[in-house]
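A quick write-up on the structure given underneath.
Protein chains: 2
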Amino acid sequence: MISFLLKSFMFIRCMDKSNRAKPPKTQRHAEATGDTSARDRILKAAEQIFAEMGFEGTSLRQVAVNADVPVALVSYHFKNKLGLYRQVFKARDPNTNVQRLAGLALAETESDPERRLEMILKAVMMPMLSLRNVEGSANFGVLLTREATDPRSGERGIINEMFDPIAKATIRALKGALPGRSDPEIVWAFQMLIGTMLYIMADAGRAVHLSGGACDPEDVDGTMRMILPLLLRGIRGVGS
Amino acid sequence: MISFLLKSFMFIRCMDKSNRAKPPKTQRHAEATGDTSARDRILKAAEQIFAEMGFEGTSLRQVAVNADVPVALVSYHFKNKLGLYRQVFKARDPNTNVQRLAGLALAETESDPERRLEMILKAVMMPMLSLRNVEGSANFGVLLTREATDPRSGERGIINEMFDPIAKATIRALKGALPGRSDPEIVWAFQMLIGTMLYIMADAGRAVHLSGGACDPEDVDGTMRMILPLLLRGIRGVGS
DNA sequence: AAGAAAACTGATCATGTGTTCAAATATTGT
DNA sequence: ACAATATTTGAACACATGATCAGTTTTCTT
Numbered sequence: 030m031i032s033f034l035l036k037s038f039m040f041i042r043c044m045d046k047s048n049r050a051k052p053p054k055t056q057r058h059a060e061a062t063g064d065t066s067a068r069d070r071i072l073k074a075a076e077q078i079f080a081e082m083g084f085e086g087t088s089l090r091q092v093a094v095n096a097d098v099p100v101a102l103v104s105y106h107f108k109n110k111l112g113l114y115r116q117v118f119k120a121r122d123p124n125t126n127v128q129r130l131a132g133l134a135l136a137e138t139e140s141d142p143e144r145r146l147e148m149i150l151k152a153v154m155m156p157m158l159s160l161r162n163v164e165g166s167a168n169f170g171v172l173l174t175r176e177a178t179d180p181r182s183g184e185r186g187i188i189n190e191m192f193d194p195i196a197k198a199t200i201r202a203l204k205g206a207l208p209g210r211s212d213p214e215i216v217w218a219f220q221m222l223i224g225t226m227l228y229i230m231a232d233a234g235r236a237v238h239l240s241g242g243a244c245d246p247e248d249v250d251g252t253m254r255m256i257l258p259l260l261l262r263g264i265r266g267v268g269s
Numbered sequence: 030m031i032s033f034l035l036k037s038f039m040f041i042r043c044m045d046k047s048n049r050a051k052p053p054k055t056q057r058h059a060e061a062t063g064d065t066s067a068r069d070r071i072l073k074a075a076e077q078i079f080a081e082m083g084f085e086g087t088s089l090r091q092v093a094v095n096a097d098v099p100v101a102l103v104s105y106h107f108k109n110k111l112g113l114y115r116q117v118f119k120a121r122d123p124n125t126n127v128q129r130l131a132g133l134a135l136a137e138t139e140s141d142p143e144r145r146l147e148m149i150l151k152a153v154m155m156p157m158l159s160l161r162n163v164e165g166s167a168n169f170g171v172l173l174t175r176e177a178t179d180p181r182s183g184e185r186g187i188i189n190e191m192f193d194p195i196a197k198a199t200i201r202a203l204k205g206a207l208p209g210r211s212d213p214e215i216v217w218a219f220q221m222l223i224g225t226m227l228y229i230m231a232d233a234g235r236a237v238h239l240s241g242g243a244c245d246p247e248d249v250d251g252t253m254r255m256i257l258p259l260l261l262r263g264i265r266g267v268g269s
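First to last, the sequence lines map onto chains A and B.
Just so we're aligned, residue 30 is where the first sequence starts under the numbering used here, counting upward by one.
Just so we're aligned, residue 30 is where the second sequence starts under the numbering used here, counting upward by one.
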């Protein structure tokens with residue numbers, strides 16, 4: 030009788046496990062077999078929920094359910110809710126910022142100042158905007174916009190830690206491409222660039238709504254074709 | 030003995046009350062005497078905390094403490110956390126949007142298209158940016174930026190309900206001031222305008238940080254002097 | 001002055017939160 | 001094969017949350 034109950038329990042437990050998207054394996058085994066490790070699944074789920082609900086609005090239990098792991102495993106891998114949050118950014122950091130720095134380096138080689146400025150803007154915006162089209166990366170732009178406009182972001186220090194290098198490199202590049210401009214002019218131009226980019230990344234249908242469908246941030250190429258001349262003309266200015 | 034205990038209790042209770050910043054009065058009495066009513070104090074405290082902590086991160090208890098009222102009073106006046114949130118926006122709506130519509134109407138009377146476009150941009154941006162300098166209003170810009178970039182904003186409907194009129198009026202004005210431009214061009218220009226404005230409003234020291242102190246959004250006039258030409262040149266375009 | 005309505009208050013509820021812990025299981029290095 | 005280490009698991013904790021309610025006080029109306 031007891032064994033029957035045990036078997037029933039095991040069966041139910043087994044069924045429950047089998048409902049999981051992917052059988053849970055340890056990290057190293059997962060890497061070997063090509064499966065996503067539990068750690069990666071947590072990160073992926075966290076990115077999505079953090080983007081949708083914000084830092085405070087996200088519950089670790091919801092993350093755990095979406096990642097198909099028990100809650101305690103989140104704390105084991107990332108110690109804290111804040112630790113998980115920071116790791117989500119850390120995981121995205123290299124991919125986008127390396128692309129940007131490479132683009133900026135390319136721009137430096139362009140002698141025509143007209144085209145040089147355009148390349149700088151493209152180098153900064155493209156790696157971010159095109160995340161919308163990369164499988165499973167669509168949420169990061171929203172998350173980044175949240176963090177960049179959150180007053181409590183300073184305490185977490187993520188923006189300063191992770192985006193100061195690319196920000197300063199961009200400002201330096203702009204200064205090189207726009208000789209004669211004052212430093213404040215350059216920084217404000219940079220702020221306009223970032224503000225516009227963030228707003229587009231966070232857009233959840235407002236552009237479509239206001240334009241009757243003509244403007245859609247999902248269409249990265251179309252968006253760039255329209256927004257780049259606007260920023261370019263504004264930053265380049267009348268005379269130069 | 031019982032009366033002694035009662036008196037002690039009353040005394041403690043009285044002391045507790047006397048610690049409150051302002052003696053709580055009912056709404057009508059408060060209006061008559063010029064004091065801030067409990068309802069207004071709740072709204073004011075809510076705006077500040079919603080801005081700092083976000084919708085999910087805000088606790089009604091914290092709002093109640095800052096407003097110096099018992100928690101239950103918040104639910105009494107605003108039914109819900111969401112009800113409170115919506116009322117914070119409703120309370121700010123007329124002041125800013127009336128100013129903007131008035132500014133747009135003024136711009137319509139300007140015949141010089143050059144100056145007309147400048148007046149439109151000023152009409153849209155100034156009422157928002159200058160909130161930073163209005164006593165007790167500094168937080169609303171941050172709150173609005175949060176809401177405008179929150180994916181869950183659609184469910185609440187605040188942005189669509191409250192800013193569609195001014196958005197469409199602005200787009201109409203831009204279209205009038207920029208004949209020959211396609212509709213998508215106009216909408217993307219509008220998005221750049223709003224994105225830049227929101228990012229500046231939400232700025233919590235990043236502009237100062239990147240510019241070494243030269244760029245400070247707190248200085249509304251200085252900010253407008255720098256950011257307006259950038260947007261103007263971008264939107265106006267080369268030919269016109 | 002008296003009754004009606006509005007404003008206020010403290011207590012309580014069910015629920016969900018982040019985090020911790022000891023025990024079980026799997027993987028690795030020797 | 002064995003010990004050491006890394007990962008996984010369920011249960012539990014202490015605490016905060018939004019919301020509700022009955023009862024009191026204040027204000028308004030007549």
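Note that CB positions come from ideal geometry on N, CA and C, so glycine has one too.
Keep in mind it's a predicted model, so treat the numbers as computed, not measured.
A residue is called buried when at least 16 other Cβ atoms come within 10 angstroms of its Cβ; Thr-178 of chain B meets this threshold and is buried. For Glu-214 of chain B, the neighbours in chain A by C-beta distance under 7 Å run, in chain order, Met-255. The beta carbon of Met-157 of chain B sits no closer than 8 Å to any beta carbon of chain A. With respect to the 8 Å criterion, Phe-192 of chain B and Leu-203 of chain B are not classified as neighbours on the basis of their beta carbons. If you ignore the 5 residues before and after Leu-257 of chain A, its C-beta comes within less than 8 Å of the C-beta of Glu-147, Leu-150, Lys-151, Met-154, all in its own chain and listed in chain order.
Under the 8 Å criterion on CB atoms, Leu-227 of chain A is classed as interfacial with respect to chain B. Contacts with chain A at 8 Å (Cβ-Cβ) include Leu-259 of chain B. Taking C-beta separations shorter than 8 Å and ignoring five residues to either side along the sequence, the partners of Val-216 of chain A in its chain run Ile-200, following chain order. Not flagged as an interface residue toward chain B: Ala-152 of chain A, since no C-beta distance is shorter than 8 Å.
DSSP, reduced to helix, strand and coil, places Pro-246 of chain A outside both helices and strands of the structure shown, so it counts as coil.
Residues of the region 112-144 of chain B that bring their beta carbon within less than 7 Å of a beta carbon in chain A are absent altogether.
Under the three-pair Cβ rule at 8 Å, the region 136-147 of chain A counts as touching the region 258-267 of chain A. Taking 4 residues as the minimum length, the alpha helix (DSSP H) runs contained wholly in the region 65-115 of chain A are 67-86, 89-96, 100-107, in order along the chain. Counting only Cβ-Cβ distances below 7 Å, Val-171 of chain B has contacts in chain A at Pro-180, in chain order. Taking the Cβ atoms as the reference, Ser-104 of chain A lies roughly 48 Å from Pro-213 of chain B, outside the contact range of under 8 Å. Just so you know, the alpha carbons of Thr-87 of chain A and Leu-207 of chain A end up roughly 43 Å apart. When DSSP states are grouped into helix, strand and coil, Gly-186 of chain B belongs to the coil group. Judged by DSSP secondary structure, Val-153 of chain A falls within the alpha helix (DSSP H) whose first and last residues are 142-158.
The Cβ-Cβ distance between Asn-162 of chain A and Glu-76 of chain A does not fall below 8 Å. Excluding the 5 residues flanking it on each side, His-106 of chain B has same chain C-beta neighbours closer than 7 Å at Arg-68, Ile-71, in chain order.
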